Amino acid sequence: MSDATACAETFASGRYSKRKRTQVAYRLDELDYSDTESDFASPPAKKPKAKAWRSRPLAKQSIFPFLQLPAEIRNTIYEYTLCDDFGINLLGTFKHRRRTVGRISASLMAQASKSDNVWASRRLNNQLLACDEEPSMTPVVPLVPSLLAVNRQIHLEAVDMLYGNEFVFADSFALYSFLLNIGPARAKHLKRLRLLSFAEGRGMKGYNHSCFAVLAWATNLSAFHINTHMGGYRVADDGAGQLYRDAFPWLEAVGAAKGKADAALDVLHLGEDCFQGHRWGRNINASVEDGYEDREARFKEALRKCLDKHRQKLMAPSGGSKKK
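Every letter in the sequence shown is one number past the one before it in full-length UniProt numbering, and letter 54, counting from 1, is 54.
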């Protein structure tokens, strides 16, 4: 056998793995190519993939059938967890650089509100929140507002019970901080509010108007009590003018929602302290001879005139020629 025949048989038998291949040129990608790569470089280590954590569903015997209870029993549970007969007393404070409120007992709020200048400083609010209450004071009833976040049905059933409590605010700063945190959607569920003091001082006086600007969200109030003086005014009209300058956003918002310009006056309730001024460290009765009902009627009548005057300006035709 010749050498040529032997080579052909050798290649045909597959003893050699080499065979002729068509050369293909691949264009290197400049982004994937690196000068540091070599045949001797170790391949990059693969990062282990984190397993997605999945919560195991609870067993059927571990789930309490709350929504299967009768409506009367569910309402009783809502009253125990979301209602306080003494009201929810709130103080304005700062937490993590945010304006917020802190809750104290009704006894501590009543004791602190006896002083005329108790809310003049924000530091005093923080001291009241941190102080230990005496055993004789009424304890704070713990509430569970997180119950509303369980599901939509519980939220619809219980949201009016939580916001149906009477919310008592130490000053206008507390009222502003509270409304700013709950937002306009929850503010519509508020029913009863009580304001014990207006903020004083150059740095805090602005909250007297700001609190009513956000209170414009709460157009479904059934009662709004103000138990503090309106300033050092000897005449009820002057105090009404001051309240209108601060509270006109809420007064007009309630009137627009109810379809009545002075609808907010039916909700507004003024305490006897509203008609006492403070000048040079001594209390001055606005009118000693008149009774409380007469002073309140004059005060609301002055507010009504301010609202009517603004409504007439809005309804007046614009662009008309002035009469000579």
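Every residue gets a Cβ at the ideal spot worked out from N, C-alpha and C, and that includes glycine.
In this text the structure is predicted, and so the values were computed from the model without any measurement.
Do residue i and residue j have their CB atoms nearer than 9 Å?
i: F224; j: L193; result: yes
i: A257; j: L307; result: no
i: L180; j: V159; result: no
i: G241; j: C274; result: no
i: E157; j: Y78; result: yes
i: L196; j: N227; result: yes
i: A174; j: L82; result: no
i: V140; j: I104; result: yes
Apart from the five residues on each side of it in sequence, which residues of its chain come closer than 7 Å, Cβ to Cβ, to residue i?
i: G164; result: K191
i: L67; result: Q153
i: residue 350; result: Only positions 1 to 324 of the chain appear in the structure, and residue 350 is not among them; the question remains open.
i: S287; result: Since pLDDT at S287 reaches only 46, below the 50 mark, its modelled position is unreliable, and the value read off the structure follows with that caveat. Correct list, in chain order: R295.
What separation, rounded to the nearest whole angstrom, lies between the Cα atoms of residue i and residue j?
i: D85; j: A110; result: 15 Å
i: A170; j: A199; result: 9 Å
i: L69; j: S55; result: 27 Å
i: M161; j: K188; result: 13 Å
i: A149; j: G255; result: 33 Å
i: R295; j: S146; result: 44 Å
i: Q23; j: A45; result: 33 Å
i: P57; j: P65; result: 15 Å
i: N75; j: I63; result: 20 Å
i: F94; j: G87; result: 22 Å
i: L314; j: A71; result: 49 Å
i: K73; j: M204; result: Residue identity differs from the one stated: residue 73 is Ile in this sequence, not Lys. When rounded, the distance between both Cα atoms is 45 Å.
i: W53; j: R21; result: 51 Å
i: A59; j: P48; result: 32 Å
i: F178; j: P43; result: 59 Å
For residue i, tell me which candidate among the options has the shortest Cα-Cα distance.
i: residue 349; options: P70, K46, G92, A71; result: This structure does not reach residue 349, given that the chain is present from 1 up to 324, and the question cannot be answered.
i: D266; options: A297, E166, K51; result: A297
i: D246; options: A216, N220, W53, G271; result: A216
i: P184; options: T219, S197, S107, S105; result: T219
i: E252; options: H310, R103, I77, V144; result: H310
i: P210; options: L221, R186, L243, G102; result: Checking the sequence, you will find Ser at residue 210 rather than Pro. It is L243 whose Cα lies nearest to the Cα of S210.
i: A264; options: H229, R304, T228; result: R304
i: Y292; options: A302, E301, G271; result: G271
i: G102; options: H155, N75, V168, P249; result: V168
i: L221; options: M204, R186, K205, V140; result: R186
Starting from the C-beta of residue i, find all residues in its chain whose C-beta is less than 8 Å away, skip the five residues before and the five after it, and write them out in chain order.
i: Y80; result: none
i: N176; result: As written in the sequence, residue 176 is Tyr, which differs from the Asn given in the question. Answer for Y176: G92, R99, Y207, S210, C211, V214, listed in chain order.
Kindly list the residues whose CB is nearer than 6 Å to the CB of residue i, restricted to its own chain and excluding five residues on each side of it in sequence; keep chain order.
i: S121; result: No answer about S121 holds up, because its pLDDT of 42 lies below 50 and its placement is not dependable.
i: V144; result: T81
i: Q312; result: none
When every heavy atom of the ligand SAM is checked, does at least one fall within less than 8 Å of the C-beta of residue i?
i: L162; result: The ligand SAM is absent from the structure shown, which contains no ligand whatsoever.
Which complete beta strand (DSSP E) runs does the region 128-182 hold, if anything under 3 residues is left out?
The qualifying runs are 166-169.
Please specify which runs of the alpha helix (DSSP H), each continuous and at least 4 residues long, are wholly inside the region 247-277, giving them in chain order.
Counting only runs that start and end inside the region 247-277, the alpha helix (DSSP H) elements of at least 4 residues fall at 263-267.
Which parts of the region 72-108 are runs of the beta strand (DSSP E), unbroken and 3 residues or longer, counting only runs that do not cross its ends?
Counting whole runs of 3 or more residues, the region 72-108 contains the beta strand (DSSP E) stretches 88-95, 98-104.
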